[in-house]
Ligand code: VGL
Ligand code: ZN
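Numbering (this note's numbering), first residue to last: 1261 to 1493.
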């Protein structure tokens, strides 16, 4: 009852309450987004790896609940586009053999192999913006901004940073798959690059290789200065 009251009558609904909610540090336990993105031409929505192998139940690294967020992601992309925001997409884009895969010494089943069904963006996702591919030359790494050469360990940027800087964008909203890997790495990288960064947790789903990975990823992002928006449970 107490909780319901707070939801219905609490400060969250009053103008300006959003900022106070953030200061109180308590808003994270509410069951609805504590803030909603305000899109404008200085903002970008970055939709991470909404590919068949992650989002389709038949995908080789299918993320539980992944398919359910696809229509919501499309709605979010529409909202962003209508408000003049920049929308960009990423794609995990692996060669058939890479140290990323279990069979080649890594931890993952074969997924998102370039030019296969599994690597395609989910057909229900509206695509209206550039697509940034990562890993095409066997580089490893989860961030939409950087890739790591598995032999030299050298880190290379993707095109994403340039695209965002060209647009004079200051605030990134990050969502997609998966919370505990590519979303996490992209959001933390975005902070490192100096962007204000929000993760739309209600538009993400985790792999949860180990139970609790999603919670740990959220804490990690928050420690890096990422504003995690939306229900996190
Ligand atoms: C991802 C595991 C392996 C992701 C990519 O997109 O989060 N996760 N490769
Ligand atoms: Zn991958």
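Even glycine gets a Cβ: it sits at the ideal position worked out from N, Cα and C.
DSSP three-state assignment for residue i, whether helix, strand or coil
i            : result
residue 1436 : strand
residue 1445 : helix
residue 1473 : helix
residue 1484 : coil
residue 1494 : This structure cannot speak to residue 1494, because the chain is shown only from 1261 to 1493.
residue 1424 : helix
residue 1283 : Low confidence applies to residue 1283: its pLDDT is 43, below 50, so where it sits in the model is not reliable, and the reading given next is rough at best. Helix, per DSSP.
The ligand VGL heavy atom lying under 7 Å from the CB of residue i
i            : result
residue 1460 : no
residue 1432 : no
residue 1309 : yes
residue 1352 : yes
residue 1402 : yes
residue 1385 : no
residue 1467 : yes
residue 1314 : yes
residue 1321 : yes
Closer than 7 Å: residue i CB and nearest the ligand ZN heavy atom
i            : result
residue 1382 : no
residue 1440 : no
residue 1377 : no
residue 1368 : yes
residue 1435 : no
residue 1372 : yes
Cβ-Cβ distance between residue i and residue j below 8 Å
i            : j            : result
residue 1314 : residue 1438 : yes
residue 1406 : residue 1415 : yes
residue 1442 : residue 1309 : yes
residue 1423 : residue 1348 : yes
residue 1253 : residue 1303 : A query on residue 1253 cannot be resolved here, the shown segment of the chain reaching from 1261 to 1493 and no further.
residue 1482 : residue 1488 : yes
residue 1486 : residue 1448 : yes
residue 1385 : residue 1334 : yes
residue 1307 : residue 1436 : yes
residue 1368 : residue 1321 : yes
residue 1390 : residue 1400 : no
residue 1473 : residue 1382 : no
residue 1420 : residue 1455 : no
Residue i at chain B interface by Cβ criterion, 8 Å
i            : result
residue 1468 : In the structure shown, chain B cannot be found, because there is only a single protein chain.
task = Just list the alpha helix (DSSP H) runs in the region 1359–1402, keeping only unbroken ones of 4 residues or longer that don't cross its boundaries, in chain order.
result = Segments of the alpha helix (DSSP H) lying fully in the region 1359–1402: there are none.
message = At 4 residues or longer, what runs of the alpha helix (DSSP H) sit wholly inside the region 1294–1345?
response = 1312–1315 and 1326–1342
inquiry  = If contact is defined by three or more beta carbon pairs under 8 Å, each pair taking one atom from either stretch, is the region 1346–1360 in contact with the region 1368–1380?
reply    = yes
task = Check whether the region 1328–1337 touches the region 1446–1465, counting contact only when three or more Cβ pairs, one atom from each stretch, lie closer than 8 Å.
result = yes
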